[in-house]
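Colleague: The structure follows.
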Amino acid sequence: MPKDFLWGGAVAAHQVEGAYNVDGKGVSIADVMTAGGNGIPRQITDGIIPGENYPNHEAIDFYHHYKEDIQLFKEMGLKVFRTSINWTRIFPNGDEEEPNEAGLKFYDDLFSELRKNDIEPLVTLSHFEMPYHLAKHYGGFKNLQVIDFFVHYAETVMKRYQDKVTYWLTFNEINNQADGQHDLHTWTNSGFIPQPGENKEEVTMQASLNELIASAKVVALGHAINPNFKIGCMMAYVPIYPYSANPDDVMAASKLMERRFFYNDIHARGEIPAYALARFERLGYHLEYTAADLAALKKGTVDFISFSYYMSDAVTTLPEIAGHDVSSEYPGAKIVSNPYVKASDWGWQIDPVGLRYVLNTVYQRYNLPLFIVENGFGAYDKFSADGKIHDTYRIDYLRSHIEEMKKAVLLDGVDLLGYTPWGIIDIVSFGSGEMEKRYGMIYVDKDNQGHGTLKRQKKASFDWYQQVIATNGENLDD
Ligand code: P53
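Here it is in structure tokens:
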């Protein structure tokens, strides 16, 4: 791999930090999400209700363990560590003028500790986080005022950490909300739950546009604060393949991919794409934005594109194949399982070639540097008799994806900045709220009920990844 390739690891504030009410932190939208389970949805409660299990309140208490964790990251050889700033540590309610100094100091110390250990921070401004107050009393990003609150927050932290942080991402997986499946996604992306009587797609698109405008403003502002900043967007890339060579399947896949590309098109090109304008008009959506907003989009295009990659999907129009209906995008279209790939215990379809496919497709579409900021395998881990976790399934997953990533860079000429596997240390799962859907190369002693000593322990994948980094991706054997 290229000499300066950024091998690293990734987490998000709310999934690791805990300390949810410490040092002046406000309640975040993640703090009112209960524990779900494999196939059991998490609930979003009206404020914090005593007696409920909120796994993010303590998480793995990274807030108080980060120094010891960074020593492990250093031992592993990480060159970059992706985390996020928890907005509610800086602005507890979101609409304050003055930031909370104790919250600012925490990230000052965290970023200094990373730098001291030669680890570059890669910082997401909003990873499924916003003050609960902004969701509850303003309607989240449906409300134009929230754009200004976000810009004020971003300006505060970008100024404060301008000498410590170079790589920034605006909104994590901003395109998740477009899948229309889960209220969890509009909640965590944009801070609202669609109400009966509302057109779900229309309100989601309005909130999305507001977020995209906020993101563009922050990109322009960041470049003014420090011209050396590299500011990227962050997409979830779950490619949708045509199930068959039937032309309708191919066209359906292309139309469904627009849900993913819509956000990236605006982030990278600074314009609302023609297919979206045509759809809004056809469906009679009245989306509010001004000429000044359009100018802001144009001015705030990103420096690079980051994305998560876990799995792929397939779509068909063939009546004989059962699937889940998405025909509003294309007549008769259904998302179906792909017979050519296996799935994880959570039904995520494992497809390493899909990563090369995404790298090629996205690079060709935008011609901007890319960064894989999430990739990993959520699994149940068990201790062997020797007291260690031999997570060969995780190593296999990562190895096969790194092999395809290498092909994209070395054979296909894709400009890739780095690779940060997800949940480098065990964390609270976002989708299910479980601790036991583990991604880490470092085990954390904690279970789904919240019990455990929080003790850290290396898994077999730790030693393996250490060797991968030390050989710059040359030796992938275990
Ligand atoms: P969990 C869907 C598809 C791809 C990535 O997810 C996704 C989702 C949302 O469920 O989310 C990202 O923990 C997200 C992380 C999250 C990670 O994937 O549900 O950015 O916060 O933890 C893995 O297994």
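So that you can map any letter, position 287 of the sequence shown is 419 in this note's numbering, and since no number is skipped, the others follow by simple counting.
Just so you know, even glycine gets a beta-carbon here, dropped at the ideal spot from N, CA and C.
Quick one: does the C-beta of Phe439 sit closer than 7 Å to a heavy atom of the ligand P53?
Modeller: Within the sequence shown, residue 439 is the residue found at index 307, counting from 1. No, Cβ of Phe439 sits at least 7 Å from all heavy atoms of the ligand P53.
Colleague: Given 8 Å as the limit, is there contact between the segment 196-205 and the segment 180-188, that is, 3 or more CB pairs closer than that?
Modeller: As far as the Cβ criterion goes, the segment 196-205 does not touch the segment 180-188, which means the pair count is below three.
Colleague: Can you tell me the Cβ-Cβ gap for Ser593 and Arg497, rounded? I've got them flagged as a contact below 8 Å.
Modeller: Taking the first residue of the sequence shown as 1, we reach residue 593 at position 461. Taking the first residue of the sequence shown as 1, we reach residue 497 at position 365. With 8 Å as the limit, Ser593 and Arg497 do not qualify as a contact, their Cβ atoms being about 32 Å apart.
Colleague: Cβ of Gly455 within 8 Å of Cβ of Ile437?
Modeller: By one-based count along the sequence shown, residue 455 stands at place 323. By one-based count along the sequence shown, residue 437 stands at place 305. No; because the gap between Cβ atoms is not below 8 Å, this pair is not in contact.
Colleague: Just to check my reading of the structure: Val154 and Ile180 have Cβ atoms closer than 8 Å, yes? What is that Cβ distance to the nearest angstrom?
Modeller: In the sequence shown, the residue the question calls residue 154 occupies position 22. In the sequence shown, the residue the question calls residue 180 occupies position 48. Rounded, the Cβ-Cβ distance is 14 Å, inconsistent with contact.
Colleague: Could you please give the first and the last residue of the uninterrupted alpha helix (DSSP H) stretch that includes Ala517?
Modeller: Here residue 517 refers to the residue found at position 385 when the sequence shown is read from its first residue. Neither: Ala517 is in no alpha helix (DSSP H) and is coded neither H nor E.
Colleague: Which runs of the beta strand (DSSP E) fall wholly inside the segment 364-395 and span at least 3 residues, in chain order?
Modeller: The qualifying runs are 372-374.
Colleague: Alpha carbon to alpha carbon, how far is Ile306 from Thr318? Give it in angstroms, no decimals.
Modeller: In the sequence shown, counting from the first residue as 1, residue 318 sits at position 186. In the sequence shown, counting from the first residue as 1, residue 306 sits at position 174. Taking the straight line joining both Cα atoms gives about 10 Å.
Colleague: Quick check: what's the CA-CA separation for Glu461 versus Tyr495?
Modeller: For this step, residue 461 is matched to residue 329 along the sequence shown. For this step, residue 495 is matched to residue 363 along the sequence shown. Taking the straight line from one Cα to the other gives about 25 Å.
Colleague: Taking the alpha-carbon of Ile556 as reference, which of Met537, Gly510, Asp518 and Thr298 has the nearest alpha-carbon?
Modeller: Position 424 of the sequence shown, counted from the first residue, corresponds to residue 556. Per the Cα distances, Gly510.
Colleague: Rounded to whole angstroms, what is the Cα-Cα separation between Val382 and Tyr270?
Modeller: Here residue 382 is taken as the residue at index 250 of the sequence shown, counted from 1. Here residue 270 is taken as the residue at index 138 of the sequence shown, counted from 1. Going from the Cα of Val382 to the Cα of Tyr270 covers about 41 Å.
Colleague: List the DSSP bridge partners of Ile172.
Modeller: As a position in the sequence shown, residue 172 is number 40, starting the count at 1. Its beta-bridge partners are Gly169.
Colleague: Cα-Cα, which of Ala191, Ser340, Met443 and Ile453 is closest to Gln581?
Modeller: Within the sequence shown, the letter at position 449 stands for residue 581. For the residues Ala191, Ser340, Met443 and Ile453, the minimum Cα distance to Gln581 belongs to Ala191.
Colleague: Grouping DSSP H, G and I as helix and E and B as strand, with all else coil, what is Leu254?
Modeller: Position 122 of the sequence shown holds residue 254. The answer is strand: DSSP assigns Leu254 an E or B state.
Colleague: Can you give me the Cβ contacts of Lys211 inside the same chain, cut-off strictly under 7 Å, excluding the 5 residues immediately before and after it?
Modeller: Your numbering for residue 211 matches position 79 in the sequence shown. Closer than 7 Å at Cβ, skipping near neighbours: Leu138, Trp139, Gly140, Ile251 and Glu252.
Colleague: Run the CB neighbour count on Pro359, radius 10 Å, all protein chains shown included, and call it buried at 16 or more, exposed below.
Modeller: Counting from 1 along the sequence shown, the entry for residue 359 is found at position 227. So Pro359 ends up on the exposed side.
Colleague: Who pairs with Ala352 in a beta bridge, going by DSSP?
Modeller: Start at 1 with the first residue of the sequence shown, and residue 352 comes out as number 220. Bridge partners of Ala352: none, in fact.
Colleague: State the Cα-Cα distance for the pair Gly584 and Gly150, rounded to the nearest angstrom.
Modeller: For this step, residue 584 is matched to residue 452 along the sequence shown. For this step, residue 150 is matched to residue 18 along the sequence shown. Cα to Cα, the separation comes out at about 14 Å.
Colleague: Tell me which same chain residues have a C-beta within less than 8 Å of the C-beta of Glu566, skipping the five on either side of it?
Modeller: For this step, residue 566 is matched to residue 434 along the sequence shown. Cβ neighbours of Glu566 beyond the five flanking positions: Ala167, Gly168, Gly169, Asn170, Pro187, Val560 and Asn580.
Colleague: Nearer than 7 Å: is that true of the beta carbon of Val490 relative to any heavy atom of the ligand P53?
Modeller: Here residue 490 refers to the residue found at position 358 when the sequence shown is read from its first residue. Answer for Val490: no, Cβ out of range of the ligand P53.
Colleague: How many Å lie between Val473 and Ser444 at the Cα?
Modeller: Taking the sequence shown and counting its residues from 1, the one referred to as residue 473 is at position 341. Taking the sequence shown and counting its residues from 1, the one referred to as residue 444 is at position 312. The straight-line gap from Cα to Cα measures roughly 9 Å.
Colleague: So, is Asn378 buried or exposed, given that buried needs 16 or more other C-beta atoms within 10 angstroms?
Modeller: Looking up residue 378 in the sequence shown gives position 246. That one is exposed.
Colleague: Once you ignore the five residues that flank Tyr369 on each side, which residues in its own chain have a CB closer than 6 Å to its CB?
Modeller: If you number the sequence shown from 1, residue 369 lands on position 237. So the list reads Phe439, Tyr441 and Val490, once near-sequence residues are dropped.
Colleague: Out of Ile161, Ile534 and Gly550, state which residue places its alpha-carbon closest to the alpha-carbon of Arg488.
Modeller: Stepping through the sequence shown from its first residue, residue 488 is reached at position 356. It is Ile534 whose Cα lies nearest to the Cα of Arg488.
Colleague: Taking the C-alpha atoms as reference points, what is the distance between Glu333 and Val278?
Modeller: What you label residue 333 is simply residue 201 of the sequence shown in a count that begins at 1. What you label residue 278 is simply residue 146 of the sequence shown in a count that begins at 1. Roughly 20 Å separates the two Cα atoms.
Colleague: Name the two residues that bound the continuous beta strand (DSSP E) containing Ser440.
Modeller: Residue 440 sits at position 308 when you count from the first residue of the sequence shown. Segment Phe436 to Ser440, the beta strand (DSSP E) holding Ser440.
Colleague: With which residues is Arg588 paired in a DSSP beta bridge?
Modeller: Indexing the sequence shown from 1 puts residue 588 at position 456. Answer is Val576.
Colleague: Using a Cβ-based criterion (distance less than 7 Å to any ligand heavy atom), does Phe303 qualify as near the ligand P53?
Modeller: Here residue 303 corresponds to residue number 171 of the sequence shown, with the count starting at 1. Flag unset: Cβ of Phe303 not near the ligand P53.
Colleague: State yes or no: is the C-beta of Lys569 nearer than 7 Å to some heavy atom of the ligand GTP?
Modeller: You won't find the ligand GTP in this model; what it holds is the ligand P53.
Colleague: Can you tell me whether His132 is buried or exposed? The criterion is at least 16 other CB atoms within 10 Å of its CB, across all chains shown.
Modeller: Look at the range of the chain in this structure, 133 to 610, and you will see that residue 132 is not part of it.
Colleague: Who does Asp595 pair with in a DSSP beta bridge?
Modeller: By one-based count along the sequence shown, residue 595 stands at place 463. For Asp595, which the question treats as bridged, DSSP gives no partner whatsoever.
Colleague: Mind reading off the beta-carbon distance from Phe324 to Ala339? Whole number of angstroms is fine, and I expect it under 8 Å.
Modeller: Within the sequence shown, the letter at position 192 stands for residue 324. Within the sequence shown, the letter at position 207 stands for residue 339. 6 Å between Cβ atoms; contact.
Colleague: Do Ser564 and the ligand P53 come close, with the Cβ less than 7 Å from some heavy atom?
Modeller: The residue labelled residue 564 in the question sits at position 432 within the sequence shown. True, at least one ligand heavy atom lies under 7 Å from that Cβ.
Colleague: If you drop the 5 nearest sequence neighbours on each side, which residues of the same chain put their C-beta closer than 8 Å to that of Arg570?
Modeller: Taking the first residue of the sequence shown as position 1, residue 570 is located at position 438. Excluding positions up to five away in sequence, the list reads Gly510, Ala511, Tyr512, Asp513, Gly555 and Asp558.
Colleague: Leu429 and Ile398: beta carbons closer than 8 Å?
Modeller: Here residue 429 is taken as the residue at index 297 of the sequence shown, counted from 1. Here residue 398 is taken as the residue at index 266 of the sequence shown, counted from 1. In this structure, Ile398 lies closer than 8 Å to Leu429 by Cβ.
Colleague: Hey, how far is the Cα of Ala286 from the Cα of Phe361?
Modeller: Counting from one through the sequence shown, the residue named residue 286 turns up at place 154. Counting from one through the sequence shown, the residue named residue 361 turns up at place 229. Going by the C-alpha atoms only, they are around 13 Å apart.
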